[in-house]
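Enquirer: Handing you this structure, nothing more for now.
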Amino acid sequence: MENKKGQIAIFVIIALIIVIALVVILLRPRLPLLQQSSLSPETYLKTCIEPSLKENLAILGNQGGYKNPEGFLEYKGEKIKYLCYTTENYKTCVVQQPAIKEQFEKDFSSLIKGRTEICVGELKKEYEKRGYDVNLGKTDSSVSINPGNIQFLVVAPITIKKESTQRFEKFELGFDSQFYDLLLIASSIIEFESSLGDSETTLYMQYYPDLKIEKTKLSDGSKVYKLTNVVSNDSFRFASKSLSWPPGYGV
């Protein structure tokens, strides 16, 4: 009997200890989880910018690298930039944009600029929520399309102060992308269009196993090229009109 009473007493003591421990844990002042974790400005900006980046890549890729294309083909209700064009029959086309990559980077930087400024502003607010004094300078950004990735440079001088002071001048964000190869291949196709009036797309697909090229010929002599990386799903579409024939004489 005494053993049983002793065991019961031990269980009661253990239960009381557990209850007291829970009360202490629950009542102890705690910082919000957000404040307990460290904030990486690069990760924050990348997460914030990435959805807009993908959206605008698709827009530019669908329109021949231009946000507002002029000299375009209207195809299925969409505008596709002529990257090589002539109005004359039996003549090869004239290259409309010899620097496709640079043009793409320029318009892409313009499209993503507004979102970048919003994300930098939200980063500032996030630091302020965590009790930092924040001083933010003028924001700027630029894009560089490289083999296998897109480098996005955000210039945003920001000083944060709490127990200590930190200063950031710029943030370099990298995103996986196969647009470099697509734009390089598009430039090569345009060279063939301007010199020979057409291109042999199967050669490119033999050399690039992840590449798919669709070439659609229209009745007015125009062609729509769509280049797709089947692994990343990046795609680039453009139009060309070269070595065309008068109506009724097409081959």
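All residue numbers for the sequence shown refer to our numbering, where the first residue is 4 and numbers rise by one. Even for Gly, the Cβ is constructed at its ideal location relative to N, Cα and C.
(1) DSSP state of proline 160, grouped into three classes?
(2) Just checking my contact of leucine 176 with isoleucine 52 at CB under 8 Å: how many whole Å lie between their CB atoms?
(3) Find out if the Cβ-Cβ distance for the pair threonine 142, valine 123 is shorter than 7 Å.
(4) I'd like to know whether the C-beta atoms of asparagine 59 and isoleucine 115 end up nearer to each other than 7 Å.
(5) Could you check which residue in Tyr78, Asn92, Pro72 has the C-alpha nearest to that of phenylalanine 107?
(6) Thinking C-beta only, is lysine 165 closer than 7 Å to glycine 134?
(7) Note the first and the last residue of the continuous beta strand (DSSP E) segment covering glycine 177.
(8) For serine 191, which of helix, strand or coil comes out of DSSP?
(9) Would a C-beta distance cut-off of 7 Å place lysine 215 and threonine 231 closer than the cut-off?
(10) How big is the Cα-Cα spacing for serine 198 and serine 245?
(11) Would you identify the three-state DSSP class for lysine 79, choosing helix, strand or coil?
(12) Would you say alanine 189 and leucine 76 are within 7 Å of each other, going by their C-beta atoms?
(13) Reducing DSSP to helix, strand and coil, say where valine 98 ends up.
(14) How big is the Cα-Cα spacing for glutamate 129 and leucine 56?
(15) In this structure, does DSSP put aspartate 143 in helix, strand or coil?
(16) Nearest-angstrom Cα distance between lysine 104 and lysine 70?
(17) Select from Arg170, Tyr211, Ser43 the residue whose C-alpha is nearest the C-alpha of valine 137.
(18) Please list the terminal residues of the continuous beta strand (DSSP E) segment that includes threonine 204.
(19) Roughly how many whole angstroms lie between the Cα atoms of glutamate 120 and leucine 206?
(20) Return the bridge partner residues of threonine 219 from the DSSP annotation.
(21) For aspartate 213 and serine 247, I'd like the C-alpha separation in whole angstroms.
(22) Comparing C-alpha positions only, which one of Thr90, Asn236, Tyr210, Val97 sits nearest to phenylalanine 195?
(23) Thinking C-beta only, is phenylalanine 178 closer than 7 Å to glycine 64?
(24) Could you name the residues of the same chain whose beta carbon sits closer than 6 Å to that of glutamine 181, not counting the 5 residues immediately before and after it, in chain order?
Expert: Here's the rundown:
(1) strand
(2) 7 Å
(3) yes
(4) Going by C-beta atoms, asparagine 59 is nearer than 7 Å to isoleucine 115.
(5) The shortest C-alpha to C-alpha distance from phenylalanine 107 to any of Tyr78, Asn92, Pro72 is the one to Pro72.
(6) Going by C-beta atoms, glycine 134 is nearer than 7 Å to lysine 165.
(7) Run containing glycine 177: 168-179, per the beta strand (DSSP E) assignment.
(8) Serine 191: helix per DSSP, three-state reduction.
(9) yes
(10) 9 Å
(11) coil
(12) no
(13) Valine 98: strand per DSSP, three-state reduction.
(14) Glutamate 129 and leucine 56: Cα-Cα distance of roughly 21 Å.
(15) strand
(16) For the pair lysine 104 and lysine 70, the Cα-to-Cα distance works out to about 14 Å.
(17) Ranking the options by Cα distance to valine 137, first place goes to Arg170.
(18) Looking at the DSSP string, threonine 204 is not in any beta strand (DSSP E); the run it does join, the alpha helix (DSSP H), is 204-210.
(19) 43 Å
(20) DSSP output for threonine 219 lists Val227 as bridge partner(s).
(21) 31 Å
(22) Val97
(23) no
(24) Asn232, Ser235, Asp237
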